[in-house]
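Heads up, the thing below is written out as structure tokens.
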Amino acid sequence: MKFSLFVHMERWDESISHRQLFEDLTELTLMAEAAGFSTVWIGEHHAMEYTISPSPMPLLAYLAGKTTTIHLGAGTIIAPFWHPLRVAGECALLDVISNGRMEVGLARGAYQVEFDRMAGGMPASSGGQALREMVPVVRALWQGDYAHDGDIWKFPTSTSVPKPIQKPNPPMWIAARDPDSHNFAVANGCNVMVTPLMKGDEEVLDLKNKFQAALDNNPDVPRPQLMVLRHTHVHAPDDTEGWKIGARAISRFYRTFDAWFGNKQVPVNGFLAPSPEDKFAERPEFQLENIRKTAMIGTAEEIIPRIKHYQELGVDEFSFWCDNSLPHAEKKKSLELFIKHVVPAFR
4 MKFSLFVHME
14 RWDESISHRQ
24 LFEDLTELTL
34 MAEAAGFSTV
44 WIGEHHAMEY
54 TISPSPMPLL
64 AYLAGKTTTI
74 HLGAGTIIAP
84 FWHPLRVAGE
94 CALLDVISNG
104 RMEVGLARGA
114 YQVEFDRMAG
124 GMPASSGGQA
134 LREMVPVVRA
144 LWQGDYAHDG
154 DIWKFPTSTS
164 VPKPIQKPNP
174 PMWIAARDPD
184 SHNFAVANGC
194 NVMVTPLMKG
204 DEEVLDLKNK
214 FQAALDNNPD
224 VPRPQLMVLR
234 HTHVHAPDDT
244 EGWKIGARAI
254 SRFYRTFDAW
264 FGNKQVPVNG
274 FLAPSPEDKF
284 AERPEFQLEN
294 IRKTAMIGTA
304 EEIIPRIKHY
314 QELGVDEFSF
324 WCDNSLPHAE
334 KKKSLELFIK
344 HVVPAFR
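Position one of the sequence shown corresponds to residue 4 (our numbering), numbered consecutively onward.
The following block contains the structure:
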């Protein structure tokens, strides 16, 4: 089982500067590298303070100069917001800067609020078309001269400059949920990243089964990697109420997600208040006890068997998702406990 860190700068009010958040993210990354984590992943989000990353590239390029072993994962690039030449060139440049440590995750996008601002109001549900067209084009540009005449992009003979160091090409990942996206990823030789969000481990099994079905549909393709991304919060055994800190924070995170995803309010300077708790009074997945069971929350002794179960299912990488609305000190304490007490069980 490989471990990785999925992290953004999170800002919940104006009391903490963006510079401080940048330094905090760097500290967490260096902790992950020292613990032997395989990758640090940073996604892409626009005009929202609670997940700050207008592009993962400058952050990852900076981290490349601060690290030596951990891979730098753009996870994810939102395909409809990019041109394939730019994806190919920027990812290749990151691979050169990091001396062959770049990995790229591609996604179709989710928030209509972002599509309204970045793609002229294009329906977020149609982002999959850009994703499917993007993947083979980027691979072709990494190999050499290529002209493209597609449904979305058309350009004359071009190539990626620079070329990536990794051969035949850097690892590509697809954020997948439905069977078609799993099948597309596997058929195109891409690794698969999945998140159960607010669902329990039965959802991990379901996502693994979709991945397995895609493998069965493509028997001639070498098996790609499967990564599970989970909100994770570890607390000490003597802190019997410690799980509540994580559960409340993750509830706040998802209520904020709901506010942005609903696209009903106008953000104020990049902020939207979380949807009120009473909106979810009849939604069992928002009850703290259920969040405790679905997110990866608990002591090391409670968490280790769950991750071992993922390993038995065939999951290759567990990504410690530390976006959860908690202050940096709490995130750091949780990651330290994970590194000290969970990771050794898999070495």
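Glycine residues also receive a C-beta, built at the ideal position from the N, C-alpha and C atoms.
For residue i versus residue j, is the C-beta spacing smaller than 8 Å?
| i | j | result |
| --- | --- | --- |
| Phe-47 | His-74 | A small fix is needed here, since residue 47 is Glu in this sequence, not Phe. No, the Cβ-Cβ distance between Glu-47 and His-74 is not below 8 Å. |
| Val-269 | Ala-303 | no |
| Lys-202 | Thr-297 | yes |
| Val-141 | Ala-91 | yes |
| Val-318 | Val-231 | yes |
| Phe-84 | Met-121 | yes |
| Met-12 | Leu-28 | yes |
| Cys-325 | Leu-338 | yes |
| Lys-334 | Leu-63 | no |
| Arg-309 | Ser-278 | no |
| Ala-127 | Leu-109 | no |
| Asn-327 | His-236 | yes |
| Ile-45 | Gly-103 | no |
| Phe-9 | Gly-78 | yes |
| Ala-216 | Met-196 | no |
| Ala-150 | Ile-342 | no |
| Arg-286 | Trp-246 | no |
| Gly-131 | Arg-111 | yes |
| Lys-211 | Leu-200 | no |
| Lys-157 | Ala-95 | no |
| Gly-76 | Thr-42 | yes |
| Glu-320 | Ser-7 | yes |
| Leu-88 | Ser-184 | no |
| Leu-114 | Trp-15 | It should be noted that the sequence gives Tyr, not Leu, for residue 114. No, the Cβ-Cβ distance between Tyr-114 and Trp-15 is not below 8 Å. |
Pick helix, strand or coil for residue i, following the three-state DSSP scheme.
| i | result |
| --- | --- |
| Asp-223 | coil |
| His-234 | strand |
| Pro-182 | helix |
| Val-269 | coil |
| Tyr-149 | strand |
| Asn-191 | coil |
| Ser-322 | strand |
| His-86 | coil |
| Ser-254 | helix |
| Ile-177 | strand |
| Met-121 | helix |
| Ile-248 | helix |
| Leu-229 | strand |
| His-344 | helix |
| Ile-168 | coil |
| Met-12 | strand |
Using the Cβ count rule (16 or more neighbours within 10 Å means buried), how would you classify residue i?
| i | result |
| --- | --- |
| Arg-22 | exposed |
| Gly-68 | exposed |
| Asp-241 | exposed |
| Arg-226 | exposed |
| Gly-301 | buried |
| Val-271 | exposed |
| His-238 | buried |
| Phe-349 | exposed |
| Pro-243 | A small fix is needed here, since residue 243 is Thr in this sequence, not Pro. Its Cβ having fewer than 16 others within 10 Å, Thr-243 is exposed. |
| Gly-273 | exposed |
The alpha helix (DSSP H) with residue i in it runs from where to where?
| i | result |
| --- | --- |
| Glu-26 | 21–37 |
| Ile-307 | 303–316 |
| Leu-109 | No alpha helix (DSSP H) contains Leu-109, which is instead part of the beta strand (DSSP E) from 105–110. |
| Met-201 | Counting along the chain, Met-201 falls outside any alpha helix (DSSP H), and DSSP gives it neither H nor E. |
| Thr-297 | 291–297 |
| Ser-337 | 331–340 |
Can we count residue i as close to the ligand ATP, meaning its CB is less than 7 Å from some heavy atom?
| i | result |
| --- | --- |
| Phe-84 | Here there are no bound small molecules, and the ligand ATP is not part of this structure. |
Taking residue i as part of the beta strand (DSSP E), name the residues at either end of that continuous run.
| i | result |
| --- | --- |
| Pro-159 | 157–161 |
| Leu-8 | 5–9 |
| Ile-351 | Beyond the ends of the chain as shown, which are 4 and 350, falls residue 351; an answer cannot be given. |
Using a Cβ-Cβ distance under 8 Å, would residue i count as near chain D?
| i | result |
| --- | --- |
| Thr-54 | This model lacks chain D altogether, as it is built from one protein chain only. |
4 or more residues per run - each alpha helix (DSSP H) lying fully within the segment 53–78
59–69
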